[in-house]
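Below is one structure, written out as structure tokens; comments come after it.
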Amino acid sequence: MERKWIRTAALFVLPALLLFITFTYYPFIRSLYYSFTTWDSIRKPVFIGLDNYTFLFEDRKMIAAAMNTFKMALFGLFIQNPLAIWIAVLLNRKFATGYFLRAAVFFPVIISLVVLSVVWSQILSYEGTLNLVLNQLGLSGWIRDWLGETKTVFVTIILLTQWQGLGYCVIFYLAGLQSIPADLYEASRIDGAGAIQRFLKITFPLLMPTITIVTFLIIVGGLKLFDIPYILTSGGPGTASYTLALAIYNAAFRENNAGYSIAAGVVLMLIIMVITFIQLQITRRREVEM
Numbered sequence: 000m001e002r003k004w005i006r007t008a009a010l011f012v013l014p015a016l017l018l019f020i021t022f023t024y025y026p027f028i029r030s031l032y033y034s035f036t037t038w039d040s041i042r043k044p045v046f047i048g049l050d051n052y053t054f055l056f057e058d059r060k061m062i063a064a065a066m067n068t069f070k071m072a073l074f075g076l077f078i079q080n081p082l083a084i085w086i087a088v089l090l091n092r093k094f095a096t097g098y099f100l101r102a103a104v105f106f107p108v109i110i111s112l113v114v115l116s117v118v119w120s121q122i123l124s125y126e127g128t129l130n131l132v133l134n135q136l137g138l139s140g141w142i143r144d145w146l147g148e149t150k151t152v153f154v155t156i157i158l159l160t161q162w163q164g165l166g167y168c169v170i171f172y173l174a175g176l177q178s179i180p181a182d183l184y185e186a187s188r189i190d191g192a193g194a195i196q197r198f199l200k201i202t203f204p205l206l207m208p209t210i211t212i213v214t215f216l217i218i219v220g221g222l223k224l225f226d227i228p229y230i231l232t233s234g235g236p237g238t239a240s241y242t243l244a245l246a247i248y249n250a251a252f253r254e255n256n257a258g259y260s261i262a263a264g265v266v267l268m269l270i271i272m273v274i275t276f277i278q279l280q281i282t283r284r285r286e287v288e289m
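Numbering (numbering that gives the first Met the number 0), first residue to last: 0 to 289.
Below is the structure:
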């Protein structure tokens with residue numbers, strides 16, 4: 000009976016396993032091989048050993064893309080994350096416009112990134128809406144080519160990506176806050192605890208499992224950022240808004256160097272694995288079970 004049960008279970012698992020092997024494991028293994036070759040996606044790949052990886056750490060554009068990517072991920076971690084917690088705490092209270100404000104915060108998440116980028120490109124161009132409003136207000140000294148100047152493009156891209164993803168984080172934190180028993184807050188009020196003490200002693204510790212998840216999503220999302228920089232600036236001017244995902248795309252489809260792009264993708268995957276492993280180890284130690 001035990002062998003029959005194992006055979007039956009294996010038959011149910013086999014279709015899913017075949018799909019994973021065909022579309023996940025096999026392509027991943029092939030990609031590892033291609034990362035050691037020079038290949039244009041058409042002709043037969045030629046094995047070149049570690050040359051792709053060696054050049055990867057000498058490529059100035061790739062290094063600039065890596066620096067920009069890490070800065071964006073860090074900004075999301077240390078600015079977007081605390082801001083999302085603060086907004087979630089405010090929206091968790093009961094007031095007349097609470098549901099409307101929740102919908103307003105989440106609204107940018109459901110907009111297509113392509114549509115969002117096109118709209119903002121019209122707003123932020125030199126002859127766009129933002130500069131027109133500034134000129135009408137007599138603030139012509141503030142007029143900039145927000146997406147065309149090195150000094151402003153990086154900050155602009157960061158603010159747009161954080162604004163677009165903020166609502167996603169807020170929803171997670173709202174769900175986490177609503178899972179905390181109200182009895183704990185009532186007991187703390189009876190004991191004379193203030194708002195800050197309640198947050199530090201009750202909200203923050205019990206919200207740590209949610210913080211772990213959201214921090215993971217922010218880091219991974221920041222390291223894989225592609226859509227908005229690609230549509231708005233294509234990484235320019237120069238490499239001011241260049242990201243690793245955009246560099247990998249350009250290497251594969253614009254420079255026809257698929258082997259090099261795959262090597263960059265493998266390195267990006269390893270970076271994400273290491274960073275997220277460290278992050279999970281740190282945040283999980285601070286989690287508190289109810």
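Cβ coordinates follow ideal geometry from the N, Cα and C atoms, glycine included.
Item checked: Straight-line gap, Ala-64 to Val-108 (C-alpha atoms, nearest Å) -> Their backbone Cα atoms lie some 25 Å apart in a straight line.
Next item on the list: Let me know the secondary structure DSSP gives Phe-46 once reduced to three states.
Entry: strand
Check: Should Tyr-125 be labelled buried (16 or more other beta-carbon atoms within 10 Å of its own) or exposed?
Finding: exposed
Item checked: Same chain, Cβ closer than 7 Å to Ile-218, five either side skipped, listed in chain order -> Ala-72, Leu-76, Ile-274, Thr-275, Gln-278
Next item on the list: Using DSSP bridges, identify the partner residues of Thr-36.
Entry: Phe-46
Note to self: Tell me which residue opens and which closes the alpha helix (DSSP H) that Glu-148 is part of.
What the structure shows: Note, Glu-148: premise wrong, no alpha helix (DSSP H); not H, not E.
Check: When the Cα of Tyr-229 is compared with those of Arg-42, Gln-280, Leu-115, Leu-205, which residue comes out closest?
Finding: Leu-115
Check: Going by beta carbon distance, what residues of the same chain come within less than 6 Å of Phe-22, once the five residues before and after it are set aside?
Finding: none
Note to self: My assumption, with CB atoms under 8 Å, is that Asn-51 sits in contact with Tyr-241. Please give the rounded CB distance.
What the structure shows: At roughly 19 Å, the Cβ-Cβ gap does not stay under 8 Å, so Asn-51 and Tyr-241 are not in contact.
Check: Out of Tyr-98, Leu-89, Trp-141, Thr-282, which has the shortest C-alpha to C-alpha gap to Phe-215?
Finding: Thr-282
Check: Apart from the five residues on each side of it in sequence, which residues of its chain come closer than 8 Å, Cβ to Cβ, to Val-266?
Finding: Cβ neighbours of Val-266 within its own chain (closer than 8 Å, five residues either side excluded): Tyr-52, Leu-55.
Check: Is it buried or exposed for Asn-134, if we count other Cβ within 10 angstroms and need 16 for buried?
Finding: exposed
Note to self: With the cut-off set at 8 Å, would you say Ser-34 and Ile-195 are in Cβ contact?
What the structure shows: no
Note to self: Threshold first: 4 residues or longer. Then list the alpha helix (DSSP H) segments lying entirely within the stretch 180-261, N to C.
What the structure shows: 181-189, 194-197, 203-222, 226-231, 243-252
Check: Under 8 Å, do Leu-129 and Trp-145 count as touching if we go by C-beta distance?
Finding: yes
Check: Are at least three pairs of beta-carbons, each pair with one atom in the stretch 77-90 and one in the stretch 169-176, less than 8 Å apart?
Finding: yes
Check: From this set, Lys-150, Leu-16, Gln-280, which residue's C-alpha is nearest Ala-239's C-alpha?
Finding: Lys-150
Check: Considering only residues of the same chain and omitting the five flanking positions on each side of Ala-250, which have a CB-CB separation below 6 Å?
Finding: Asn-256, Tyr-259, Ser-260
Check: Measuring CA to CA, which of Asp-182, Glu-148, Ile-212 is closest to Ile-201?
Finding: Asp-182
Next item on the list: With a 10 Å radius around its C-beta and 16 neighbouring C-beta atoms as the bar for buried, classify Trp-119 as buried or exposed.
Entry: buried
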